[in-house]
Structure formats: C-alpha cells, structure tokens
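Residue numbers (the numbering used here), protein chains in the order written: chain P, 1 to 127; chain C, 1001 to 1127. A short write-up of the structure that comes next.
There are 2 protein chains.
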Amino acid sequence: MESALVDVFDMNCPSRAVMEHLSSRWGVLIQVMLLREGTLRFSELRRAIGGVSEKMLAQTLQALERDGIVRRVVHPVIPPHVDYSLTDLGEAAAKAVNTLFDLIGDRWAEFEKAQVEYDQRKAAQPL
Amino acid sequence: MESALVDVFDMNCPSRAVMEHLSSRWGVLIQVMLLREGTLRFSELRRAIGGVSEKMLAQTLQALERDGIVRRVVHPVIPPHVDYSLTDLGEAAAKAVNTLFDLIGDRWAEFEKAQVEYDQRKAAQPL
DNA sequence: CAGGATCCCCAATGATACTG
DNA sequence: CAGTATCATTGGGGATCCTG
C-alpha cells in the first residue's frame, strides 16, 4: 500500500505534479517512444512524435529529466549530439503507460462502439 | 502487437484523443478513485478529488463515459441520484493508471532525490 | 443533488527567429 | 543539431449562478 504522506488526491501534495508530468500529453508519448527505441536524439523524438513543437518537446523532456524519468546525455561534439533514454525509474513508469497504449490498440473496437452508442443516445433525446 | 490502424503517434489518429482522456489531469484521478471505491456519486467524487471544479468533473466524466470507461447510472428520484462506476474496459485502464500511482508512492524517495539533484546541477552552472 | 449555462482569464501551447 | 527567447493565441479551466 502507498505511503500516507504521498497522496495524489491531495491538491497540494507534490506527487500530484509528478503524476501530471507522467501523464501529460507529450510525456506519455515520449515515455513510450523511448521504451520502444531505447535511445533517441532530440530531433529523432521530434520527428517520431507527430505534432509536437520544439518548445513543448524540450519543456516536457526537462520536466521528465528533473523527475528522474529521462536520462539526458550530452556528447561534446560539433554539431551538438544529445541522447535521451529512460532511467530505471522511467522504464517502470513507461511500462505502465505502455499498458494503456496496448489497451487502446487491442480493444479499439470497444472504444469506437462506446462512442457511437453514446452519440446515438445523445442525439435521440433532443429535450 | 498493436494494430497499424491505431497509431497514437500520428497526430490525426483518433486514438490520440482517447489517450488524452485516459491520461488527463482529472481523468487519472477519477479512474483510480473509482477503482478503489467501486461506485461513487457525483458529489462524493467531487469531495474525494481535491481541487476539481464541478465543471471539470462533469466534463471529464462525460468524456470517459463516451469512451466507454465510465458507467453512469441515473436513479430517477428526487433529489437526483447518479452513480458512477468503471466498465470492464475502464477497469482495465484504471489498473494501468493505478500502477503509476503505486510507482509514485512506492518510489517517492527516488523522485525527490532526482529533483534535488537536478536543481543542484542547474544552480551550479550560472552560465 | 447533479449538472447546465455563462463569463472570464491566465497559463499552456505553438510559431518564429535566433544562438552556442 | 539542440535548444533558448520572444511573442501571439486560445481554449482549458475555474467561479458563479441557475434549473430539473
């Protein structure tokens, strides 16, 4: 069971911020991509993750690095070369996130069915 | 392996939206709370989840209901009584999300350590 | 009690340009 | 290449009031 001192349901517990980094829009994609590929450069991540801006990628990577999820390795060469990979802690987090991805992929038909039925129910009751 | 037709790394794939609902700020808290408690009323959820507004709770619950994650049962009484619980699909999702919560709780010391070290590294290099 | 409707605003996000 | 700095935008999100 979880420590009583770390309560993510408490608005002011710092764990809430970490949870938000882990589950953030770009954070989840970065984690899963790094879990699959092992190590990627900044520009590789940018290309792999559709729609992410440089700013958001850099910002999200920094948050994840600070939380100990992502490892950042700078190779002192010109032009610059920076590698990103998951820490041990990050791998554990990424695996959980990846479970969500698999769930969506594996049971996609159920998601679509639920959405269609919901929309039909809504459309059927004007007021 | 996952269907090639469901690619969350593709900006325009509808699965991206579902992933964002599942991992949204309030979505993760709702899922875990319902996983723990089974069934809760609107006001119970509101009280259980620190800092959520009525608007965001209603809005997030609707998104999760549409995706087939949350089951909404209305009891036709006065005053109104509405129960929320997880569907089978929702339970699978919630378990994955709960893994993240446990990770944060169990390894919180590592998160804090990483943050402190990151901040020290930053402070050590003025420019 | 469960939410719908409104108003409002700040912060997250993105586009662009620039630098080591 | 790997970012940082700046600026513009908007819509997420909250507060409030109202209703079945």
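We put the beta carbon where it would ideally sit given N, CA and C, even for glycine. Source: prediction; values computed, not measured.
- Here histidine 1021 (chain C) is buried: its Cβ has 16 or more other Cβ atoms, across all protein chains shown, within 10 Å.
- Contact annotation for tyrosine 118 (chain P) against chain C: Glu1065, Arg1066 [CB-CB distance below 7 angstroms, chain order].
- At a cut-off of 8 angstroms between beta carbons, leucine 1045 (chain C) makes no contact with chain P.
- Each residue's CA atom was taken as its position, placing isoleucine 69 (chain P) and alanine 1092 (chain C) some 24 angstroms apart.
- Bounds of the beta strand (DSSP E) holding aspartate 1083 (chain C) are 1081-1086.
- When DSSP states are grouped into helix, strand and coil, leucine 40 (chain P) belongs to the strand group.
- Contact of alanine 1124 (chain C) with chain P is not assigned, every C-beta pair being separated by 8 angstroms or more.
- It is roughly 20 angstroms from the alpha-carbon of arginine 1107 (chain C) to the alpha-carbon of glutamine 62 (chain P).
- In the structure shown, the three-state DSSP call for valine 1074 (chain C) is strand.
- For arginine 121 (chain P), the enclosing alpha helix (DSSP H) starts and ends at 108-124.
- Bounds of any alpha helix (DSSP H) do not take in leucine 1005 (chain C), whose DSSP letter is neither H nor E.
- Under the three-state reduction of DSSP, valine 1018 (chain C) is assigned to helix.
- Nearest C-alpha to cysteine 13 (chain P) among C:Val1077, C:Ile1104, C:Arg1121, C:Asn1012: C:Ile1104.
- Of all residues in the stretch 1100-1111 of chain C, those with a C-beta nearer than 9 angstroms to a C-beta of chain P are Leu1100, Phe1101, Asp1102, Leu1103, Ile1104, Gly1105, Asp1106, Arg1107, Trp1108, Glu1110, Phe1111, reading in chain order.
- Under the Cβ criterion of 8 angstroms, valine 1073 (chain C) is not counted among the residues facing chain P.
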